[in-house]
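Number of protein chains: 2
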Amino acid sequence: MELAEIYAAYRRIRPYVHRTPLLTSQLLDALLGKRLLLKAEHLQKTGSFKARGALSKALALESPKGLLAVSSGNHAQGVAYAARILGVKALIVMPEEASPYKKAAARAYGAEVVDQGVRVENREEVAKALLAETGYAFVHPFDDPLVMAGQGTAGLELMAQAGKLGVFPEAVLVPVGGGGLIAGVATAVKALSPSTLVLGVEPKGADDARRSLEQGEIVRLKEAPKTRADGVRTLALGRHTFPVLREKVDGILTVSEEAILEAESLLFTRTKQVVEPTGALPLAAVLEHGERLPGTLALLLSGGNRPFDPWP
Amino acid sequence: MELAEIYAAYRRIRPYVHRTPLLTSQLLDALLGKRLLLKAEHLQKTGSFKARGALSKALALESPKGLLAVSSGNHAQGVAYAARILGVKALIVMPEEASPYKKAAARAYGAEVVDQGVRVENREEVAKALLAETGYAFVHPFDDPLVMAGQGTAGLELMAQAGKLGVFPEAVLVPVGGGGLIAGVATAVKALSPSTLVLGVEPKGADDARRSLEQGEIVRLKEAPKTRADGVRTLALGRHTFPVLREKVDGILTVSEEAILEAESLLFTRTKQVVEPTGALPLAAVLEHGERLPGTLALLLSGGNRPFDPWP
């Protein structure tokens, strides 16, 4: 994957996405003894970086009749948003047992949710049948160079914004599920600043990317891992993302569920930002592995979609 | 109260406070049919505007031995922070039954919490005895021109930031408890843009400011009102704030508890910002009285101190 692909994606999607801010927090810096740059993708359109990749793909298609995706997470909203920009329909295949919150979120962005009779086991089949029937274009959540390039635009912005601040991250920490985000971000970061480390972050119970890089081949989890970080419950890296990670990612850090929760809480109470568990993975890595990490770190806060809890 | 007092306060406190951003949200604008400018005091030092007033007072004192305040809310943290800047001690008198969360928050900012044997009924006496004993300076949460001028600096910034965006608010909506914030903000806004309306917002069950302005004298609530918005449970306006409100505030809107909750939820899910119930009052007023309000509105999000709720 080349930097040029990411620039091309950026030219396509720029009118439709937020250039999300790069936040800083003196409180967090003092608490953790680091200089942190927080790339705020929880403030992105649809509440996560997924809008970038879905738009990058959708805008590269030649007049698609509609978009179809299999997702019970942020990708659903990204595809729904992309379809709205194109003025076409979005069909999202989701298991019946997916949370009503997630179904409602996809519908709120204008998608049609297909869930009747859909289970985790048969959702790919349902999607294939629907694709044949409708002629819609399939948008993969990560394993597609156009999607990966779209996610990489967050890395482009991050480096430009850090440069403007006059602060150069020694490492960029990125959540890893299927690897689409880190593949794109690593491509951008390594092209612009080869000495900056790009580190993935996974929950301890979902460390397929770490094992895949260690073993030099894609390791597939036997079942969906139990973790708060529902955005990275993917079973395996993809055939397009894996080689990019092998080439460009310097390492994978794993974090405990306790560290994820603590990171979410710090972001909530100290920076007043609503970040979902997956988006808190990079800060969890700083909490758990801070002593092994350099002093100036960029953290990719990937999303902020979580339900509101009234209090008290 | 004059604009010059607010500029003087700003010169004192500027090195120690954040120039908080003026946020916008296309989603909220589309949903509510308004152009909203959100003055983000939940991102202020200590998590609320109270740092401005406490610092404005503390930095005007001649070498105080320490600071003392009576508060179980954000003012406690503001005074603790001001004391830290001055390098002196802060004593905060708080009823024993105040929430452990609030005591911990004040202590986290370095204050000493005095709560043994303290009840709501005797806390003023306890404070007086401590003042006599320690020689510390008392910092009132609102009824002090130096405190009011400090809070007004949020209004100065808001107008400058709106001007830079090229958007001029037709009305500024501000939560009202003791009236310190709105007195300062109204002074700044009316001096800089006399045609901009300044509107207070109170919960329906805590409408003493509305009644005070209507009756032309300070109306005192019989007991602390029950409302989610714990920052405005004050019983009455002060003798310094009331005349400023009479002169400069154009009206008071009251809102239901349901509207406050809905406003908090919108800020959480749509803007990904953690805003406490009191800080959500202005948005609640837009939800409940939108049709009576002009199209371009600045909302003062006064604070963001609420505990983190893990989810799921």
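Line order of the protein sequences matches chains A and B.
Each residue of the first sequence is one higher than the one before, starting from 1 at the first, in the numbering used here.
Each residue of the second sequence is one higher than the one before, starting from 1001 at the first, in the numbering used here.
Idealized CB from N, CA, C, for every residue including glycine.
- A straight-line Cα-Cα distance of about 7 Å links residue 1145/B and residue 1240/B.
- Counting C-beta pairs with one atom in each stretch, the segment 1162-1172 of chain B and the segment 1023-1037 of chain B have three or more that are closer than 8 Å, which means they touch.
- Taking 8 Å as the upper bound for CB-CB distance, residue 1242/B and residue 1179/B are in contact here, some 7 Å apart.
- Closer than 8 Å to the CB of residue 38/A there is not a single CB belonging to chain B.
- With a beta-carbon spacing of about 6 Å, residue 303/A and residue 231/A fall inside the 8 Å limit used to define contacts.
- Boundaries of the beta strand (DSSP E) harbouring residue 1175/B: 1171-1175, taken from the DSSP string.
- Looking at the backbone, the Cα of residue 1169/B and that of residue 224/A are separated by about 50 Å.
- If you draw a 10 Å sphere on the C-beta of residue 1116/B, you find fewer than 16 other C-beta atoms in it, and that means exposed.
- Per DSSP, the continuous beta strand (DSSP E) segment holding residue 251/A begins and ends at 251-255.
- Residue 229/A is not a Cβ neighbour of residue 194/A, given a cutoff of 8 Å.
- Under the DSSP assignment, residue 1189/B falls outside any beta strand (DSSP E), being part of the alpha helix (DSSP H) whose first and last residues are 1180-1192.
- Assigned with DSSP and collapsed to three states, residue 168/A falls in coil, not helix or strand.
- Contact note: residue 42/A reaches chain B through 1272, using a C-beta cutoff of 9 Å and chain order.
- In this model, residue 49/A and residue 14/A are separated by some 13 Å (Cα to Cα).
- Proximity of chain A to residue 1268/B at the Cβ level (cut-off 8 Å) is accounted for by 274 and 308, in chain order.
- Counting C-beta atoms within 10 angstroms of its own C-beta, residue 101/A has fewer than 16 neighbours from the protein chains shown and is therefore classed as exposed.
- As a beta-bridge residue in DSSP terms, residue 202/A pairs with 254/A.
- Under DSSP, residue 69/A shares a beta bridge with 92/A.
- By the CB criterion at 8 Å, residue 1064/B and residue 1174/B fall outside the cutoff.
- Between residue 1204/B and residue 1286/B the beta-carbon gap is near 16 Å, outside 8 Å, which marks them as no contact.
- Proximity to residue 1134/B across 1171/B, 1089/B, 1155/B and 1148/B peaks at 1089/B, based on C-alpha coordinates.
- Measuring C-alpha to C-alpha distances from residue 1235/B to each of 1247/B, 1184/B, 1078/B and 1222/B identifies 1222/B as the nearest.
- Within the segment 1009-1067 of chain B, complete alpha helix (DSSP H) segments of at least 4 residues are found at 1026-1032 and 1050-1058, given in chain order.
- Ranking 246/A, 308/A, 153/A and 262/A by CA distance to the CA of residue 1272/B puts 308/A first.
- If only complete runs of 3 or more residues are kept, the segment 107-158 of chain A shows the beta strand (DSSP E) at 112-114, in order along the chain.
- Checking the DSSP bridge columns, you'll see residue 1273/B partnered with 273/A.
- Chain-order list of chain A residues neighbouring residue 1265/B: 308, by C-beta distance under 7 Å.
- The Cβ-Cβ distance between residue 52/A and residue 153/A falls below 8 Å.
- Listed along chain B are 1272, each with a C-beta nearer than 8 Å to that of residue 304/A.
- Taking all protein chains shown into account, residue 202/A has 16 or more neighbouring C-beta atoms within 10 Å of its C-beta and is therefore buried.
- For residue 47/A, at least one C-beta of chain B is nearer than 8 Å to its own C-beta.
- Taking 8 Å as the cut-off, the Cβ atoms of residue 1123/B and residue 1070/B count as close.
- Nearest Cα to residue 41/A within the set 92/A, 279/A and 291/A: 279/A.
- Taking 8 Å as the CB threshold, residue 1261/B lines the interface with chain A.
- The three-state secondary structure of residue 1296/B, taken from DSSP, is strand.
- For the pair residue 1191/B and residue 1298/B, the Cα-to-Cα distance works out to about 16 Å.
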